[in-house]
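*Asks:* Take a look at the following structure, please.
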Amino acid sequence: MNGGRTGSLDLPLHGGRAPRWLYERMVTLAGLMLEVMLEEFPTADILARFADPFWFQAFGSLLGFDWHSSGLTTVTLGAVKQALAARPRWPLHAAGGKGRASRRTPDEIRAAADGAGIHRGEALVGASRLAAKVDGAALQDGFQLYHHVFLFDDAGEWAVVQQGMQGAEGRYARRYHWFSRRVTDPVDRPHSGLAGDRARGPVLDLTSSASAAARQGMVTAVREVPPAAMVDLIARRPGGGVLPAGHAIPDAARIDRRLLALYEQPPADFRSLLEREGVGPATVRALCMVAEVIYGVQASRTDPLRYAFAHGGKDGHPFPVSRPLYDDSIAMLRRVADRTRLDHSEKRAALARLAAVARAAGSEQ
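For what it's worth, this note's numbering labels the leading residue of the sequence shown as 59, then goes sequentially.
Structure below.
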């Protein structure tokens with residue numbers, strides 16, 4: 059896996075719900091689009107498309123949602139999930155959703171896997187949980203996850219699309235994309251793409267290759283440094299900007315039990331550390347601070363979104379728009395929409411929405 063992020067898009071955070079009439083039409087159109095896609099493409103190729111931020115944004119816009127709204131993510135995936143649930147014999151499945159629905163993801167994965175005769179159900183559950191843990195704890199960029207959808211096929215390939223909400227300001231959302239075939243190490247540059255309004259900083263990015271020494275230092279600290287010593291170090295927190303602003307360590311007493319559990323049964327590696335129950339953003343920040351102070355290792359403070367412009371950004375940085383990537387996504391969706399069993403007026407409206415997406419994409423070069 060090259061680990062490159064594949065797109066960056068503005069995602070203003072919009073509240074409210076899609077009107078029922080619009081949502082019902084989106085479910086219908088999503089089902090028709092997926093029907094044609096399953097006839098024309100292998101399921102792994104379809105999952106790869108969902109893992110592409112620009113294609114996903116264009117797909118949601120074609121279904122009828124506002125191109126620039128964060129609601130596109132939740133409503134589009136809700137429509138896709140409902141369309142797939144109505145067709146359980148299809149070789150493509152979706153689990154999860156927004157808020158409470160995201161917590162049902164493991165059970166929904168197991169149920170769909172059992173129904174389809176997929177024997178890797180628990181492995182898929184593990185992939186879903188780890189993706190959520192990585193983007194919620196290993197990458198701390200100021201966005202709190204509130205939406206998680208796990209898509210998978212009968213062969214066990216999968217894609218994750220999850221979205222976080224900006225903390226204190228709450229004005230923007232950020233979307234994280236994963237694709238199983240592009241993940242060689244789930245804790246080192248695992249994303250197929252990130253979509254957000256702009257790069258921010260400083261952040262704590264333990265998924266960066268530049269953080270490899272910090273990740274190892276955290277595992278070593280858990281094995282070698284007694285919890286009491288770590289708690290004392292955390293409580294005294296030397297100055298000097300060990301962690302960036304906005305990444306404060308909580309009251310040491312609150313993480314004492316977690317550190318003790320890790321010390322008594324140390325993880326083999328950083329992935330195992332993340333997978334431990336109870337290890338969340340606060341524990342990760344604490345261990346990162348300990349590793350930096352004791353071993354002198356540094357975690358990346360660079361927002362990975364600045365590398366998310368394979369389709370280009372509105373300002374053309376860090377490198378120009380790749381027009382063929384836009385054209386390929388738009389052409390594929392246009393071809394699929396044209397083949398759907400929509401009546402003439404509905405098809406014309408869908409293609410008009412897609413044409414508007416193409417114009418918007420072209421204007422953002």
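Positions of the beta carbon are idealized from the N, C-alpha and C atoms, including for glycine.
In the DSSP assignment, find the beta strand (DSSP E) that holds tyrosine 204 and state where it starts and stops.
*Replies:* The count along the sequence shown starts at 1 and reaches residue 204 at position 146. Counting along the chain, the beta strand (DSSP E) containing tyrosine 204 begins and ends at 201 to 211.
*Asks:* In this structure, how does DSSP classify tryptophan 216 when only helix, strand and coil are distinguished?
*Replies:* Residue mapping note: residue 216 aligns to position 158 of the sequence shown, counting from 1. Strand.
*Asks:* Is phenylalanine 237 helix, strand or coil by DSSP?
*Replies:* Along the sequence shown, read from residue 1 onward, the residue named residue 237 stands at position 179. Of the three classes helix, strand and coil, the one that applies to phenylalanine 237 here is strand, per DSSP.
*Asks:* Looking only at C-alpha atoms, which of Leu130, Val351, Leu92, Gln221 sits nearest to proline 77?
*Replies:* Numbered from its first residue, the sequence shown carries residue 77 at position 19. That would be Leu130, whose Cα lies nearest to the Cα of proline 77.
*Asks:* Can you confirm whether the segment 274 to 293 touches the segment 343 to 352 when touching is taken to mean that 3 or more C-beta pairs between the two stretches lie within less than 8 Å?
*Replies:* Segments in contact, yes.
*Asks:* Determine the direct distance from the alpha carbon of leucine 197 to that of glycine 254, and round the result to whole angstroms.
*Replies:* One-based indexing of the sequence shown puts residue 254 at position 196. One-based indexing of the sequence shown puts residue 197 at position 139. Answer to the nearest angstrom: the Cα atoms are 14 Å apart.
*Asks:* Hey, how far is the Cα of leucine 87 from the Cα of leucine 121?
*Replies:* Position 29 of the sequence shown, counted from the first residue, corresponds to residue 87. Position 63 of the sequence shown, counted from the first residue, corresponds to residue 121. Rounded to whole angstroms, leucine 87 to leucine 121 spans 6 Å at the Cα level.
*Asks:* Within a Cβ cutoff of 6 Å, which residues of the same chain sit near phenylalanine 210, ignoring the five residues on either side of it in sequence?
*Replies:* Residue mapping note: residue 210 aligns to position 152 of the sequence shown, counting from 1. Within the same chain, phenylalanine 210 has close Cβ partners His151, Leu182, Trp216.
*Asks:* Tell me whether the segment 324 to 340 and the segment 172 to 191 touch, counting them as touching only if at least three CB pairs, one residue from each stretch, are closer than 8 Å.
*Replies:* Yes, they touch.
*Asks:* Spell out a yes or no on whether the segment 167 to 177 and the segment 317 to 330 are touching, meaning 3 or more CB-CB pairs, one atom from each, closer than 8 Å.
*Replies:* Contact fails: fewer than three Cβ-Cβ distances are below 8 Å.
*Asks:* Below 9 Å between beta carbons: does that hold for methionine 91 and valine 277?
*Replies:* Stepping through the sequence shown from its first residue, residue 91 is reached at position 33. Stepping through the sequence shown from its first residue, residue 277 is reached at position 219. Cβ atoms of methionine 91 and valine 277: not closer than 9 Å.
*Asks:* Quick one: what's got a C-beta closer than 6 Å to proline 362's C-beta in the same chain, skipping five residues either side?
*Replies:* By 1-based counting over the sequence shown, the position of residue 362 is 304. Asp263, listed in sequence order.
*Asks:* In this structure, what does DSSP give as the bridge partners for tyrosine 81?
*Replies:* The count along the sequence shown starts at 1 and reaches residue 81 at position 23. Looking at the DSSP assignment, tyrosine 81 forms no beta bridge with any residue, so it has no partner.
*Asks:* How many whole angstroms separate the CB atoms of alanine 231 and glutamine 224, which I take to be in contact at a CB cut-off of 8 Å?
*Replies:* The sequence position of residue 231 within the sequence shown is 173, counting from 1. The sequence position of residue 224 within the sequence shown is 166, counting from 1. The Cβ separation is near 7 Å, so the contact holds.
*Asks:* If you draw a straight line from the C-alpha of leucine 409 to the C-alpha of threonine 265, how long is it?
*Replies:* By one-based count along the sequence shown, residue 409 stands at place 351. By one-based count along the sequence shown, residue 265 stands at place 207. Their backbone Cα atoms lie some 39 Å apart in a straight line.
*Asks:* Mind checking which residues open and close the beta strand (DSSP E) that includes glycine 251?
*Replies:* In the sequence shown, the residue the question calls residue 251 occupies position 193. Segment 251 to 253, the beta strand (DSSP E) holding glycine 251.
*Asks:* Could you compute how far the alpha carbon of tryptophan 113 sits from the alpha carbon of leucine 318?
*Replies:* The residue labelled residue 113 in the question sits at position 55 within the sequence shown. The residue labelled residue 318 in the question sits at position 260 within the sequence shown. Those two C-alpha atoms are separated by around 45 Å.
*Asks:* Give the DSSP-derived three-state secondary structure of glycine 336 in the structure shown.
*Replies:* By 1-based counting over the sequence shown, the position of residue 336 is 278. Coil, per DSSP.
*Asks:* Going by other Cβ atoms of all chains shown within 10 Å of its Cβ, with 16 needed for buried, is glutamate 166 buried or exposed?
*Replies:* Within the sequence shown, the letter at position 108 stands for residue 166. Flag for glutamate 166 reads buried.
*Asks:* Taking DSSP as the reference, what is the three-state secondary structure of aspartate 290?
*Replies:* The residue labelled residue 290 in the question sits at position 232 within the sequence shown. Helix at aspartate 290.
*Asks:* Based on the DSSP output, what are the partners of arginine 232 in its beta bridges?
*Replies:* Along the sequence shown, one-based indexing puts residue 232 at 174. Its beta-bridge partners are Gly222.
*Asks:* Who are the near neighbours of serine 358 in its chain, counting only those whose CB is closer than 6 Å to its CB and skipping five residues on each side?
*Replies:* As a first step, residue 358 is located in the sequence shown; it is residue number 300 there, counting from the start. Taken in chain order, the residues that qualify are Asp263, Ser266, Ala268, Ser269.
*Asks:* Please state the DSSP three-state secondary structure of glycine 122.
*Replies:* Residue 122 sits at position 64 when you count from the first residue of the sequence shown. Three-state DSSP puts glycine 122 in coil, outside helix and strand.
*Asks:* Cβ of arginine 258 within 9 Å of Cβ of glycine 200?
*Replies:* Along the sequence shown, one-based indexing puts residue 258 at 200. Along the sequence shown, one-based indexing puts residue 200 at 142. Yes; because the gap between Cβ atoms is below 9 Å, this pair is in contact.
*Asks:* Can the beta-carbon of arginine 239 be found less than 9 Å from the beta-carbon of proline 248?
*Replies:* Along the sequence shown, read from residue 1 onward, the residue named residue 239 stands at position 181. Along the sequence shown, read from residue 1 onward, the residue named residue 248 stands at position 190. Cβ atoms of arginine 239 and proline 248: not closer than 9 Å.
*Asks:* Going by the DSSP bridge assignment, what does leucine 150 pair with across the sheet?
*Replies:* On the sequence shown, residue 150 is found 92 positions in, with the first residue counted as 1. According to DSSP, which records beta bridges pairwise, leucine 150 is partnered with Asp211.
*Asks:* Please report the Cβ distance between valine 245 and leucine 142, rounded to the nearest whole angstrom; I am assuming they are in contact, meaning their Cβ atoms lie under 8 Å.
*Replies:* Reading the sequence shown from its first residue, position 187 is the one you call residue 245. Reading the sequence shown from its first residue, position 84 is the one you call residue 142. Actually they are not in contact, since the Cβ atoms of valine 245 and leucine 142 sit about 29 Å apart, beyond 8 Å.
*Asks:* Could you tell me the alpha carbon to alpha carbon distance between methionine 347 and proline 111, rounded to whole angstroms?
*Replies:* Sequence index remark: in the sequence shown, residue 347 carries index 289 (1-based). Sequence index remark: in the sequence shown, residue 111 carries index 53 (1-based). Their backbone Cα atoms lie some 33 Å apart in a straight line.
*Asks:* Taking the alpha carbon of leucine 105 as the point to measure from, which residue in Leu203, Arg162, Val415, Val138 has its own alpha carbon closest?
*Replies:* What you label residue 105 is simply residue 47 of the sequence shown in a count that begins at 1. Ranking Leu203, Arg162, Val415, Val138 by Cα distance to leucine 105 puts Val138 first.
*Asks:* Suppose contacts are defined by Cβ-Cβ distances below 9 Å. Is glutamine 140 in contact with valine 85 by that definition?
*Replies:* Within the sequence shown, numbered from 1, the residue matching residue 140 stands at position 82. Within the sequence shown, numbered from 1, the residue matching residue 85 stands at position 27. Contact: yes.
*Asks:* Whole-angstrom Cβ separation of threonine 398 and valine 207, contact assumed at under 8 Å?
*Replies:* Within the sequence shown, residue 398 is the residue found at index 340, counting from 1. Within the sequence shown, residue 207 is the residue found at index 149, counting from 1. That pair is no contact at about 22 Å.
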